Ligand SMILES: [Zn+2]
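In our numbering, the protein residues as written are 1122 to 1515.
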């Protein structure tokens, strides 16, 4: 097996041992063998390798871990976006528009969309991406959405409880029964996670608890959409069910923060339930941003993700989310980068990605910049020079 040396790295972010919270090393090199990081150290002591990539003094980071994306859908909602920018509020009702288009699409059309968005994300440095179902909302359409998602990710999430589809509008209890019964049975073989949109207008706390408990019993890990559009019980339900992540967290009470902080690991390594913030959604719905500082100051582990979806956040760009987190949510550039890499990995309960330490998956991003600071400092600029995934230059 050939070895690949990424050499002459001016600033290496490891999220492990090194300077500051990002574990930065200067004048460094990374040796990759069999898709894994085999060695990290000073460039002057780099071992020999069959192949070499010269980073030319630039910054190198772990690939981004996007822990929240809805990529299996058809159609777009550009007109809805334009109407919203002209003053119409976001209600979540537009999800049903995408459900209609998704049901009407062929498998190949859905697969082509996932492939396109997955490629778009990869070119922007995302080397791990979670992909949700949730625009099929029938047994067959959720099962095929997850089958297709699983072709592109190890982290496929069953979101049959995205909204109650129109045909069940007057009998939501029956829809919950469908989700917990035949839909879960068809979905579970392709999924690692279960998710519920717990929000007014979607699923209330009792329905959400019932659905998530069924998913847990079927072996799926729990994550949920919570407290996006207003205050509510979602975050505390997530803590109750040992969710890996509660996502959005835009409207939080002191009790919500305390509940999350209460899941702290005893070794000081953060919280067991992660708060995943999705600033692309606030940007695209012109809504107030979550209070990241309040979470961070309480010791809650924070992740950043795109929420890539055709309605409320049609971006696949983690650098864009980092820039928003720094400018609009008062995260430091270091906090934002950690949240977009190691934080995303925590939100997926993975320790093989989001870090560049020996044994980790060799997912590296070479920037066209001397420092990770440029990700927020130069928003909208294509700074991703090269992406290496699983040890393979893309
Ligand atoms: Zn979402």
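Ideal Cβ placement from N, Cα and C applies to all residues, glycine included.
A quick note: this is a predicted structure, and the numbers were derived from the prediction, not measured.
(message) Is residue 1428 a contact residue of ligand 1, with contact defined as CB to any heavy atom under 6 Å?
(response) Walking along the chain shown from the start, residue 1428 turns up at place 307. Yes, the Cβ of residue 1428 comes within 6 Å of a heavy atom of ligand 1.
(message) Just verifying my parser: in three-state terms, what is the DSSP assignment at residue 1342?
(response) Taking the chain shown and counting its residues from 1, the one referred to as residue 1342 is at position 221. Here residue 1342 sits in strand by DSSP.
(request) Under 8 Å by Cβ, that's how I've got residue 1476 and residue 1463 pegged, so tell me the actual separation to the nearest angstrom. (result) Start at 1 with the first residue of the chain shown, and residue 1476 comes out as number 355. Start at 1 with the first residue of the chain shown, and residue 1463 comes out as number 342. 6 Å between Cβ atoms; contact.
(request) Output the distance between the C-alpha atoms of residue 1534 and residue 1292, rounded to the nearest integer angstrom. (result) Look at the range of the chain in this structure, 1122 to 1515, and you will see that residue 1534 is not part of it.
(message) For residue 1497, tell me which candidate among 1456, 1373, 1413, 1353 has the shortest Cα-Cα distance.
(response) Walking along the chain shown from the start, residue 1497 turns up at place 376. Per the Cα distances, 1456.
(request) Taking only the alpha-carbon atoms, compute the straight-line gap between residue 1238 and residue 1346 and give it to the nearest angstrom. (result) Translated into the one-based positions of the chain shown, residue 1238 becomes position 117. Translated into the one-based positions of the chain shown, residue 1346 becomes position 225. Taking the straight line joining both Cα atoms gives about 21 Å.
(request) Go ahead and pull the three-state DSSP assignment for residue 1487. (result) Here residue 1487 refers to the residue found at position 366 when the chain shown is read from its first residue. Three-state result, residue 1487: strand.
(message) Which residue marks the beginning of the alpha helix (DSSP H) containing residue 1400, and which one marks its end?
(response) Counted from its first residue, the chain shown places residue 1400 at position 279. That run of the alpha helix (DSSP H) goes 1400 to 1406.
(request) Can you give me the start and stop residues for the beta strand (DSSP E) that residue 1324 sits inside? (result) Here the question's residue 1324 lines up with position 203 in the chain shown. Here residue 1324 belongs to no beta strand (DSSP E), and DSSP marks it neither H nor E.
(message) Does residue 1152 come out as helix, strand or coil in the three-state DSSP assignment?
(response) Here the question's residue 1152 lines up with position 31 in the chain shown. Residue 1152: strand per DSSP, three-state reduction.
(request) Output yes or no for whether 7 Å exceeds the beta carbon distance between residue 1175 and residue 1150. (result) Within the chain shown, the letter at position 54 stands for residue 1175. Within the chain shown, the letter at position 29 stands for residue 1150. Taking 7 Å as the Cβ cut-off, residue 1175 and residue 1150 do not qualify as a contacting pair.
(request) With DSSP as the reference, please indicate the residues paired to residue 1279 in a beta bridge. (result) As a first step, residue 1279 is located in the chain shown; it is residue number 158 there, counting from the start. In DSSP, residue 1279 forms a bridge with 1315.
(request) Starting from residue 1367, follow its DSSP beta bridges and name the residues at the other end. (result) Taking the first residue of the chain shown as 1, we reach residue 1367 at position 246. DSSP output for residue 1367 lists 1345, 1396 as bridge partner(s).
(request) In the DSSP assignment, find the alpha helix (DSSP H) that holds residue 1497 and state where it starts and stops. (result) Here residue 1497 corresponds to residue number 376 of the chain shown, with the count starting at 1. First-last of the alpha helix (DSSP H) with residue 1497: 1495 to 1498.
(message) Can you tell me where the alpha helix (DSSP H) holding residue 1454 begins and where it ends?
(response) As a position in the chain shown, residue 1454 is number 333, starting the count at 1. Residues 1454 to 1459.
(request) Using beta-carbon positions only, say whether residue 1486 and residue 1184 come within less than 7 Å of one another. (result) If you number the chain shown from 1, residue 1486 lands on position 365. If you number the chain shown from 1, residue 1184 lands on position 63. Against a cut-off of 7 Å, the Cβ pair of residue 1184 and residue 1486 comes out as a contact.
(message) Excluding the 5 residues flanking residue 1146 on each side, which residues of the same chain have their C-beta closer than 6 Å to its C-beta?
(response) Taking the chain shown and counting its residues from 1, the one referred to as residue 1146 is at position 25. So the list reads 1133, 1139, once near-sequence residues are dropped.
(message) Here's the rule: buried if 16 or more other CB atoms are within 10 angstroms of the residue's CB, otherwise exposed. What is residue 1191?
(response) Taking the first residue of the chain shown as position 1, residue 1191 is located at position 70. Residue 1191 is buried by the Cβ-count criterion.
(message) residue 1416 and residue 1454 - do their beta-carbons sit closer together than 7 Å?
(response) By 1-based counting over the chain shown, the position of residue 1454 is 333. By 1-based counting over the chain shown, the position of residue 1416 is 295. Not a contact, by the Cβ cut-off of 7 Å.
(message) Assuming contact is defined by CB atoms lying nearer than 7 Å, are residue 1481 and residue 1186 in contact in what I supplied?
(response) Taking the chain shown and counting its residues from 1, one reaches residue 1481 at position 360. Taking the chain shown and counting its residues from 1, one reaches residue 1186 at position 65. The answer is no: Cβ separation not under 7 Å.
(message) Looking at residue 1308: is its Cβ nearer than 7 Å to the Cβ of residue 1263?
(response) Translated into positions along the chain shown, residue 1308 becomes position 187. Translated into positions along the chain shown, residue 1263 becomes position 142. Taking 7 Å as the Cβ cut-off, residue 1308 and residue 1263 qualify as a contacting pair.
(message) On the DSSP letters alone, give me the boundaries of the beta strand (DSSP E) that residue 1162 sits inside.
(response) In the chain shown, counting from the first residue as 1, residue 1162 sits at position 41. Its beta strand (DSSP E) spans residues 1157 to 1163.
(request) Tell me whether residue 1240 is buried or exposed, calling it buried when 16 or more other Cβ atoms sit within 10 Å of its Cβ. (result) Sequence index remark: in the chain shown, residue 1240 carries index 119 (1-based). Residue environment: residue 1240 is assigned as exposed (fewer than 16 neighbouring CB atoms within 10 Å of its CB, all protein chains considered).
(request) Less than 8 Å between the CB atoms is what I'm expecting for residue 1505 and residue 1246, so what's the real figure, rounded? (result) Taking the chain shown and counting its residues from 1, the one referred to as residue 1505 is at position 384. Taking the chain shown and counting its residues from 1, the one referred to as residue 1246 is at position 125. That belief holds up - the Cβ atoms of residue 1505 and residue 1246 are roughly 5 Å apart, short of 8 Å.
(request) For residue 1225, collect the residues of the same chain with a Cβ closer than 8 Å to its Cβ; drop the 5 residues on either side in sequence, then sort them by chain order. (result) Taking the chain shown and counting its residues from 1, one reaches residue 1225 at position 104. Within the same chain, and ignoring the five residues on either side of residue 1225 in sequence, the residues whose Cβ sits closer than 8 Å to its Cβ are 1195.
(message) Taking a contact to mean a Cβ-Cβ separation below 7 Å, would you say residue 1193 touches residue 1235 in this structure?
(response) To locate residue 1193, count along the chain shown from 1; it is residue 72. To locate residue 1235, count along the chain shown from 1; it is residue 114. Yes, Cβ-Cβ distance for residue 1193 and residue 1235 is below 7 Å.
(message) Could you tell me the alpha carbon to alpha carbon distance between residue 1375 and residue 1356, rounded to whole angstroms?
(response) As a position in the chain shown, residue 1375 is number 254, starting the count at 1. As a position in the chain shown, residue 1356 is number 235, starting the count at 1. Rounded to whole angstroms, residue 1375 to residue 1356 spans 11 Å at the Cα level.
(request) Name, in chain order, the residues that DSSP records as bridge partners for residue 1181. (result) Here residue 1181 refers to the residue found at position 60 of the chain shown. BP columns for residue 1181 point to 1133, 1487.
(request) Measure the alpha-carbon distance for residue 1157 versus residue 1351 and round it to whole angstroms. (result) As a first step, residue 1157 must be located in the chain shown, where it is residue number 36. As a first step, residue 1351 must be located in the chain shown, where it is residue number 230. Residue 1157 and residue 1351 have their C-alpha atoms some 43 Å from each other.
(request) Pair every Cβ in the segment 1399 to 1406 with every Cβ in the segment 1425 to 1435, then say whether three or more of these pairs are closer than 8 Å. (result) yes
(request) Measure the CB-CB distance between residue 1401 and residue 1371 and report whether it falls below 7 Å. (result) Numbered from its first residue, the chain shown carries residue 1401 at position 280. Numbered from its first residue, the chain shown carries residue 1371 at position 250. The answer is no: Cβ separation not under 7 Å.
(request) Could you check if residue 1438 is buried or exposed, using at least 16 other CB atoms within 10 Å of its CB as the buried criterion? (result) Here residue 1438 refers to the residue found at position 317 when the chain shown is read from its first residue. Around the beta carbon of residue 1438, 16 or more other beta carbons sit within 10 angstroms, so the residue counts as buried.
(request) Tell whether a beta-carbon distance below 7 Å holds between residue 1397 and residue 1363. (result) Indexing the chain shown from 1 puts residue 1397 at position 276. Indexing the chain shown from 1 puts residue 1363 at position 242. No, the pair does not count as a contact, with Cβ atoms beyond the cut-off.
(request) Name the two residues that bound the continuous alpha helix (DSSP H) containing residue 1245. (result) The sequence position of residue 1245 within the chain shown is 124, counting from 1. Unbroken run through residue 1245: none, as it is neither H nor E.
(request) Under 6 Å Cβ to Cβ from residue 1248, same chain only, skipping five residues before and after it: list those, please. (result) Here residue 1248 refers to the residue found at position 127 of the chain shown. Excluding residues within five positions, the ones whose Cβ falls inside 6 Å are 1184, 1484, 1510.
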